[in-house]
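Note that the protein sequences, when read in sequence, are chains A and B. When we follow my numbering, the leftmost residue of the first sequence carries the number 1, and every step to the right adds one. When we follow my numbering, the leftmost residue of the second sequence carries the number 1, and every step to the right adds one. Beta carbons are placed, not taken as given, at the ideal position from N, Cα and C, and that holds for glycine. Quick caveat, the model's predicted, so the values are computed rather than measured.
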Amino acid sequence: MDFNLDELKDLMEKEGYISEEELAVTVFLALALKKPLLVEGAPGVGKTEIAKVLGRVFNTEVIRLQCYEGLDENKALYEWNYQKQLLKIQILKDHCSQSEIEKDLFAEEYLLERPLLQAIRSDHRVVLLIDEVDKVDEPFEAFLFELLSDFQISVPELGTLAAKHIPIVILTSNGDRELSDGLRRRCVYLYIDYPSIEKEVKILQMKVPEAGENLNRQIAAVVNYIRTNYDLRKHPSIAESIDWARALVALNASSIDSSNFSKTVNLLLKNRDDTLQITDLAAIEKILDNADTE
Amino acid sequence: MLVLGDSMNQEEIADVVDCVGVIGLDTIEYNISRFVQILRHLGVRVSLSETVDGMNALGLVDLLDKKQVKGVLKSCLVKNRKDAGLFDHAFNLFFVTPEVKASRRKKMMEEEAERNRQLDSAEQELKEVVEGNNLFEQMSLSDRHLETYSALPDKAKERIKDILEQMTANPINNPGELINRVLQSSLNYWRHYMMQNNVGQVELGPEIEASFTGDPELDEVIQEVAAQFYHNPGDQILHKDLAALNDSDIPKMISLINHLSAQLSRSISRRYTYSHRALTVDIRKTVRRNVKYGGIPIELCYRSKRRQRPRFLLICDVSGSMAPYARFVLQFIYGLNNSLGGIESFIFSENIERITDFFYQNRVFSRSMTEIINQSNQWGKSTDFYTSLKTFKDLYSKKLTPDTILFIVSDGRTVDSEAAAKLLRELKLKSSNIVWLNPLPEKDWSGKPQIRQFSSIVRMYQCNTIWHLEKIFNHHVLNKIK
Chain A
1 MDFNLDELKD
11 LMEKEGYISE
21 EELAVTVFLA
31 LALKKPLLVE
41 GAPGVGKTEI
51 AKVLGRVFNT
61 EVIRLQCYEG
71 LDENKALYEW
81 NYQKQLLKIQ
91 ILKDHCSQSE
101 IEKDLFAEEY
111 LLERPLLQAI
121 RSDHRVVLLI
131 DEVDKVDEPF
141 EAFLFELLSD
151 FQISVPELGT
161 LAAKHIPIVI
171 LTSNGDRELS
181 DGLRRRCVYL
191 YIDYPSIEKE
201 VKILQMKVPE
211 AGENLNRQIA
221 AVVNYIRTNY
231 DLRKHPSIAE
241 SIDWARALVA
251 LNASSIDSSN
261 FSKTVNLLLK
271 NRDDTLQITD
281 LAAIEKILDN
291 ADTE
Chain B
1 MLVLGDSMNQ
11 EEIADVVDCV
21 GVIGLDTIEY
31 NISRFVQILR
41 HLGVRVSLSE
51 TVDGMNALGL
61 VDLLDKKQVK
71 GVLKSCLVKN
81 RKDAGLFDHA
91 FNLFFVTPEV
101 KASRRKKMME
111 EEAERNRQLD
121 SAEQELKEVV
131 EGNNLFEQMS
141 LSDRHLETYS
151 ALPDKAKERI
161 KDILEQMTAN
171 PINNPGELIN
181 RVLQSSLNYW
191 RHYMMQNNVG
201 QVELGPEIEA
211 SFTGDPELDE
221 VIQEVAAQFY
231 HNPGDQILHK
241 DLAALNDSDI
251 PKMISLINHL
261 SAQLSRSISR
271 RYTYSHRALT
281 VDIRKTVRRN
291 VKYGGIPIEL
301 CYRSKRRQRP
311 RFLLICDVSG
321 SMAPYARFVL
331 QFIYGLNNSL
341 GGIESFIFSE
351 NIERITDFFY
361 QNRVFSRSMT
371 EIINQSNQWG
381 KSTDFYTSLK
391 TFKDLYSKKL
401 TPDTILFIVS
411 DGRTVDSEAA
421 AKLLRELKLK
431 SSNIVWLNPL
441 PEKDWSGKPQ
451 IRQFSSIVRM
461 YQCNTIWHLE
471 KIFNHHVLNK
481 IK
């Protein structure tokens with residue numbers, strides 16, 4: 001790696017990611033130690049964005065493995081191209097012996113690379129994003145161990161395939177399921193919490209500059225007040241603050257008042273029980289008054 | 001230069017030891033490994049490879065920048081959010097200047113001296129009451145008992161002394177063992193009561209679950225972290241006795257319980273796919289999947305037994321002493337039931353009542369709870385576990401199946417415990433497992449024969465905080481299902 005901690009922080013900021021010292025140190029370590037980075041936090045706080053930003057910082061592609069229940073090695077690692085193999089058998093069956101056909105059938109040209117294998121065999125260093133790793137089943141999590149500790153993968157027909165360039169691995173988790181200690185041990189760990197008002201203003205200024213600093217500051221204060229004072233099923237995330245700012249700009253609002261708040265609250269709160277807590281006029285005015293004093 | 005060998009004399013060996021000692025103590029590695037030891041004693045799991053990662057990583061940042069050093073060690077040594085708070089406290093206390101360390105040592109020594117003075121004075125007071133019979137030597141009072149005694153209100157102290165005087169004056173009773181038992185039970189009760197209600201002349205610290213190393217320098221940090229950790233309002237509520245919650249704590253606790261039950265429901269309700277490692281080929285699926293290859297069975301599908309969701313059945317004690325806990329346990333079960341459905345729930349005190357119908361999905365919990373309390377004949381009465389279990393066996397035993405996990409929530413205080421234990425053994429045979437959640441502190445169980453009786457039959461866990469509830473479900477219930 002050709003740059004130090006401060007340079008990485010600046011580069012990430014240039015690519016649109018505002019990071020605090022702790023976050024920057026952790027990302028820097030993962031890169032310098034060539035270890036996977038496990039990022040946990042509520043949805044919408046910028047976990048996946050880290051991988052995308054690193055892709056832009058290193059000017060490389062981001063290979064994404066979206067995890068879900070039932071994901072298995074075939075979909076994550078590799079599969080043999082059965083159709084192509086069948087065709088080959090049909091073409092060669094009258095001309096070659098069985099052993100010759102078999103020898104050819106498991107060559108690399110019949111291998112369909114899935115995200116993990118793609119990342120391992122890439123000719124340059126790529127970013128491998130294993131998104132929502134808490135959604136996979138435990139056996140698959142255990143299968144990831146070999147990849148994450150040795151950066152190699154065993155394909156029975158071909159042997160062990162070691163990484164040409166160790167990828168930058170980012171794993172994200174929403175905490176739906178407790179990840180195993182084995183997986184955690186192999187990673188550098190980062191927890192991203194909701195941002196402070198100041199940090200959120202900076203993010204909004206970067207993403208929605210057309211809203212202006214006053215409106216962005218008001219948005220950050222209101223969102224922060226809602227996060228800390230309401231017991232919601234889902235707190236508004238940074239992504240939702242940005243959407244809200246864009247919506248207010250679209251409505252030509254220069255500040256938040258109870259009228260445009262109630263019209264746009266659905267962009268901030270995504271659950272009926274949550275919106276019911278905040279829809280009446282008294283609640284909205286209380287939020288706006290208290291947010292102003294923050 | 002010194003060379004190790006047979007020819008070295010005592011003086012040379014001493015020089016080597018001194019030299020190694022000084023070098024060892026001054027190195028970063030030595031200090032990091034001591035810090036890791038502190039974390040481990042506070043319950044943070046840190047492996048050797050993580051320690052090595054941390055040490056390697058320190059070489060990549062500016063060692064004079066405390067923020068960077070903290071960030072490096074945190075990301076390498078701590079791998080979940082809960083441990084991050086402990087790490088922060090421990091780091092701030094361990095990496096300090098020698099002056100701060102010395103002043104902390106001085107303060108702790110003063111506190112220790114004050115504590116010892118209180119213990120001595122408590123011991124002296126009790127000795128004076130039972131003096132003349134050499135009874136005090138027969139009594140096995142721990143420091144914890146003496147500490148509790150010294151914290152008692154004056155009236156309670158006088159009452160205990162009166163009882164002891166009356167008992168020592170009675171020669172028929174063979175007072176030694178009896179007095180010991182009465183005094184210990186009374187002090188255990190008072191400790192529990194004072195901690196729940198924050199009363200007493202001296203503040204009783206919460207029970208620290210960390211273990212000590214025996215090295216005073218490390219133990220100072222461990223003790224202080226443990227105390228600070230419990231004083232942090234965010235963490236405190238997790239460790240607060242459910243029966244001692246203030247009105248202001250309740251919304252936060254309900255929110256925590258909802259979060260916990262939702263998280264557990266998600267992990268229980270996960271689907272499981274067919275395994276490629278199973279033995280029997282599923283012909284129907286294999287044929288269907290291989291139609292695209294002209295029926296040639298290239299991709300085989302295997303049968304595997306789909307894991308069943310566990311069935312939960314709850315029997316919750318709602319007698320006078322248990323009612324404050326029951327409310328939160330029922331809230332938790334209601335949360336699970338909303339996601340999983342089909343949790344059979346019962347409450348009992350003098351007899352048992354089925355309350356499953358109150359927990360139909362999507363009903364508002366507070367309304368269900370009000371209806372249960374209004375319509376129940378059991379809320380707040382005395383406990384008869386035997387009669388309750390007997391009714392359960394007669395009317396509802398069909399609800400227990402071999403895959404049912406039966407949860408019993410009770411402090412075990414009941415009449416006719418022997419007959420109840422017998423029935424409990426029968427129910428154990430009919431269920432997959434029985435898990436008993438007991439709000440009384442585990443340290444006090446040994447003095448209660450009823451609890452000893454029940455805990456020999458079923459797995460009993462102390463459960464009076466949300467932290468206990470989470471730990472029991474994550475480590476003892478879900479793991480066993482998997």
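{"Query": "Nearest chain A C-beta to B/C76 closer than 8 Å, yes or no?", "Result": "yes"}
{"Query": "Determine, using beta carbons only, whether A/V53 comes closer than 8 Å to chain B.", "Result": "no"}
{"Query": "B/M322 by DSSP, collapsed to three states: which one?", "Result": "coil"}
{"Query": "Would you mind listing the beta strand (DSSP E) stretches within the region 369–426 of chain B that are 3+ residues and don't spill past its ends, in chain order?", "Result": "404–409"}
{"Query": "Determine whether the Cβ of A/A32 lies closer than 8 Å to any Cβ atom of chain B.", "Result": "yes"}
{"Query": "Reducing DSSP to helix, strand and coil, say where A/D289 ends up.", "Result": "helix"}
{"Query": "Which whole-angstrom value is the C-beta distance of A/K202 and A/I18, which I expect to be below 8 Å?", "Result": "5 Å"}
{"Query": "Below 8 Å, how does it come out for the region 162–176 of chain A and the region 35–51 of chain A: are there three or more Cβ pairs, yes or no?", "Result": "yes"}
{"Query": "Whole angstroms is fine: what's the gap from B/K482's alpha carbon to B/L77's?", "Result": "Interpretation of B/K482 is limited by its pLDDT of 48, a score under 50 that renders its predicted location unreliable; the figure taken from the coordinates is listed afterwards. Answer to the nearest angstrom: the Cα atoms are 28 Å apart."}
{"Query": "Quick one: what does DSSP say A/Y189 is sitting in, helix, strand or coil?", "Result": "strand"}
{"Query": "Where does B/Q68 land, buried or exposed, given buried means 16+ other C-beta within 10 angstroms?", "Result": "buried"}
{"Query": "Taking only runs of the alpha helix (DSSP H) that begin and end inside the region 1–37 of chain A, which ones reach a length of at least 4 residues, in chain order?", "Result": "5–14, 21–33"}
{"Query": "Would A/T275 count as contacting chain B if we go by Cβ distances under 8 Å?", "Result": "no"}
{"Query": "Of the choices B/E165, B/N116, B/V364, whose alpha-carbon is the least far from that of B/N338?", "Result": "B/V364"}
{"Query": "Would you mind working out which of A/K135, A/I197, A/N271 sits nearest A/D292, comparing C-alpha positions?", "Result": "A/I197"}
{"Query": "From the DSSP secondary-structure annotation, give me the bridge partner or partners of B/L313.", "Result": "B/E344, B/L406"}
{"Query": "Any chance you could list the beta strand (DSSP E) runs of at least 3 consecutive residues sitting entirely within the region 145–191 of chain A, in chain order?", "Result": "152–155, 159–162, 168–173"}
{"Query": "Helix, strand or coil, according to DSSP, for A/V201 in the structure here?", "Result": "helix"}
{"Query": "In chain order, what residues of the same chain lie with their CB nearer than 6 Å to the CB of B/L400, ignoring the 5 residues before and after it?", "Result": "K430, S431"}
{"Query": "Does the pairing of the region 141–159 of chain A with the region 21–30 of chain A give three or more beta-carbon distances under 8 Å?", "Result": "no"}
{"Query": "Give the range of the beta strand (DSSP E) segment to which B/R354 is assigned.", "Result": "352–354"}
{"Query": "I'd like to know if A/K272 contacts chain B, where contact means its C-beta is closer than 8 Å to some C-beta of that chain.", "Result": "In the sequence as displayed, the identity of residue 272 of chain A is Arg instead of Lys. It does not; no Cβ of chain B falls within 8 Å."}
{"Query": "Taking 8 Å as the limit between beta carbons, can you name the residues of its chain near B/I179, skipping five residues before and five after?", "Result": "V130, L135, M139, L164, M167, T168"}
{"Query": "Would B/Y325 be called buried (16 or more neighbouring beta carbons within 10 Å of its own) or exposed?", "Result": "buried"}
{"Query": "Output yes if chain B places a C-beta closer than 8 Å to the C-beta of A/E40; else output no.", "Result": "yes"}
{"Query": "From A/F143 to B/P297, what distance separates their C-alpha atoms?", "Result": "26 Å"}
{"Query": "Nearest CA to the CA of B/Q450: which residue from B/T383, B/I222, B/A243?", "Result": "B/T383"}
{"Query": "Closest Cβ-Cβ distance between A/L11 and chain B: below 8 Å?", "Result": "no"}
{"Query": "For B/E128, which beta-bridge partners are listed by DSSP?", "Result": "B/E128 pairs with nothing; no bridge assigned."}
{"Query": "Decide if A/A107 is buried, meaning its Cβ has at least 16 other Cβ atoms within 10 Å, or exposed.", "Result": "exposed"}
{"Query": "For the candidate residues B/G294, B/R367, B/V291, B/D282, whose alpha-carbon lies nearest to that of B/C301?", "Result": "B/D282"}
{"Query": "Between B/R271 and the rest of its own chain, which residues show a CB-CB distance below 7 Å, the 5 nearest in sequence each way excluded?", "Result": "Confidence is the limiting factor: at B/R271 the pLDDT is only 48, short of 50, which leaves the residue's position unreliable and the question unanswerable from this model."}
{"Query": "Tell me the rounded alpha-carbon separation between B/I160 and B/Q184.", "Result": "11 Å"}
{"Query": "Please confirm whether A/L190 has its beta-carbon closer than 8 Å to some beta-carbon of chain B.", "Result": "yes"}
{"Query": "Count the other CB atoms within 10 Å of the CB of B/G214; is the residue buried (16 or more) or exposed (fewer)?", "Result": "exposed"}
{"Query": "Any beta carbon from chain A within less than 8 Å of B/Y334's own beta carbon?", "Result": "no"}
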